[in-house]
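> For the sequence shown, this note's numbering puts the final residue at 389, and the numbers step up evenly by one.
From the three backbone atoms N, C-alpha and C, an ideal C-beta is built for every residue, glycine too.
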Amino acid sequence: MIRKLLGNKKRAPHERRDAQISQRARQHLERLRRRERKRLHGRDTRKPRSTAGPARDRIPMGWIAAFVVSLMGGIYLAQPLEPLLLQWAPAQFEKLESIAIQGNSQLSFKDVALATGVARGESLADIDLQTVEARLRAQPWIKNAQVLRLPPAALVVRIEERSPKAVLVELTAKNQPRRKRLVDESGVVFASASGQEFLPQLIDGSHMQNVLDPEMLTDGLQLLEQLRKADIQALTPQGGPLAIQIPLPGSSEGWIIRGRIDVVMGRGQLHQRINRLALLLQNNEVRQLLSEDEIHIDLRFAEQAVLKRTGEEAST
């Protein structure tokens with residue numbers, strides 16, 4: 074990870090080298106952007122645009138269309154294909170001496186450097202940037218990666234790490250936790266949980282069937298966020314995270330809130346049912362029941378909630 078240029082007066086040699094590499098990378102990319110803008114616009118973008126001059130004849134529409142297409146194509150290429158622009162720039166590539174890494178917080182410098190699969194001494198010109206990026210994206214914590222050559226002998230690696238939003242708890246056939254893994258905002262299950270995360274839980278009792286459906290996991294994340302915004306603190310275990318069970322295949326119960334009190338939510342009209350649940354929990358009589366007895370709540374029925382004590386018939 075590139076450290077800040079300003080800070081301690083005395084810096085280790087490798088910190089000064091990383092700072093110099095970072096500065097050179099920014100300067101090099103800025104020169105390339107100016108060159109590309111000059112190519113597209115036909116002028117030096119550092120000079121102010123002239124406001125005086127003779128009136129010009131009307132420009133043919135075909136030229137305008139060609140210019141617009143060229144401009145859009147240049148913008149499209151310039152942003153995601155900076156490695157290609159670097160290859161176009163005349164430079165002498167030497168053997169790789171150092172790697173600069175940006176964007177890592179969960180992963181260490183060593184983790185990312187090893188994941189690139191390149192080593193000091195390799196020819197910078199011979200390194201396949203797309204292959205290196207593919208290796209990085211194959212790492213569980215890395216969502217996206219971009220690799221740039223920085224002449225004469227450095228490689229710049231930019232990564233975007235995944236952000237965990239929930240813990241997926243997989244249950245055994247006896248409904249005991251088997252393993253816990255992290256889920257990002259896209260519903261991708263990407264790494265084992267350490268057990269130290271205080272995140273809401275998605276409970277999966279389908280024996281891996283739901284894990285293969287990111288859309289189902291994304292729906293679960295959205296439901297967790299709606300529940301978080303609602304006033305349902307009475308349902309969660311004291312000091313524990315919010316947890317919901319993913320619908321089991323073929324089950325009519327749908328989503329189920331698992332906590333000090335279980336709440337059957339069903340599958341449809343979840344937003345309305347969450348509002349109904351929040352209103353229900355504000356009722357003093359209901360709050361008293363919940364504090365004294367083991368109650369299950371079923372919200373699948375229109376405009377009503379079914380409360381049931383363990384071993385007793387339901388009441389509304």
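Taking just the CA atoms, how far does LEU315 sit from LEU272?
On the sequence shown, position 199 is the one that residue 272 refers to. On the sequence shown, position 242 is the one that residue 315 refers to. Taking the straight line from one Cα to the other gives about 8 Å.
> What do you reckon, are the CB atoms on VAL242 and GLN274 nearer than 8 Å?
By 1-based counting over the sequence shown, the position of residue 242 is 169. By 1-based counting over the sequence shown, the position of residue 274 is 201. Contact: yes.
> Okay, do the stretch 254–263 and the stretch 217–231 touch, 3+ Cβ pairs below 8 Å being the bar?
no
> By the three-class DSSP mapping on this structure, what secondary structure does GLU298 have?
What you label residue 298 is simply residue 225 of the sequence shown in a count that begins at 1. If DSSP states are grouped into helix, strand and coil, GLU298 belongs with the helices.
> Just to confirm my understanding: we take GLY313, look at its own chain, exclude 5 residues before and 5 after, and list those with CB closer than 8 Å. What are they?
Locating residue 313 in the sequence shown gives position 240, counting from the first residue. GLY332.
> Under the rule that 16 or more other beta-carbon atoms within 10 Å means buried, what is GLU206, buried or exposed?
Indexing the sequence shown from 1 puts residue 206 at position 133. GLU206 should be labelled buried.
> At the level of alpha carbons, what is the spacing between LEU169 and ILE200?
For the purposes of this step, residue 169 is identified with residue 96 of the sequence shown, where counting begins at 1. For the purposes of this step, residue 200 is identified with residue 127 of the sequence shown, where counting begins at 1. Cα-Cα distance, rounded: 9 Å.
> Checking the sheet assignment: what are the DSSP bridge partners for ASP257?
Within the sequence shown, numbered from 1, the residue matching residue 257 stands at position 184. Paired residues: PRO237.
> By Cβ distance, which residues of its chain are closer than 8 Å to ASN357, with the 5 residues on each side in sequence left out?
Taking the first residue of the sequence shown as 1, we reach residue 357 at position 284. Closer than 8 Å at the Cβ level, and outside the excluded window around ASN357, lies no residue.
> Give a yes or no on whether the C-beta atoms belonging to ALA239 and LEU294 are separated by under 8 Å.
Taking the sequence shown and counting its residues from 1, the one referred to as residue 239 is at position 166. Taking the sequence shown and counting its residues from 1, the one referred to as residue 294 is at position 221. Yes, they are a contact pair.
> Helix, strand or coil for ILE172, going by three-state DSSP, please let me know.
What you label residue 172 is simply residue 99 of the sequence shown in a count that begins at 1. Looking at ILE172 - three-state DSSP - the assignment turns out to be strand.
> Can you tell me the Cβ-Cβ gap for LEU308 and ILE329, rounded? I've got them flagged as a contact below 8 Å.
Walking along the sequence shown from the start, residue 308 turns up at place 235. Walking along the sequence shown from the start, residue 329 turns up at place 256. Approximately 11 Å separates the beta-carbon atoms of LEU308 and ILE329; this is outside 8 Å, ruling out the contact.
> From LEU209, ASP91, ARG99, pick the residue whose C-alpha is nearest to that of LEU187; which is it?
The residue labelled residue 187 in the question sits at position 114 within the sequence shown. Closest option to LEU187, Cα to Cα, is LEU209.
> By the 10 Å Cβ neighbour count, where 16 or more other Cβ atoms means buried, how is GLU234 classified, buried or exposed?
Taking the sequence shown and counting its residues from 1, one reaches residue 234 at position 161. Buried, since its Cβ has 16 or more Cβ neighbours within 10 Å.
> Bridge partners of ILE329, per DSSP?
Residue 329 sits at position 256 when you count from the first residue of the sequence shown. In DSSP, ILE329 forms a bridge with GLN318, VAL337.
> Grouping DSSP H, G and I as helix and E and B as strand, with all else coil, what is TYR149?
The residue you call residue 149 lines up with position 76 of the sequence shown. Reliability fails at TYR149, whose pLDDT of 47 lies under 50, so the model's placement of it is uncertain and no value is given.
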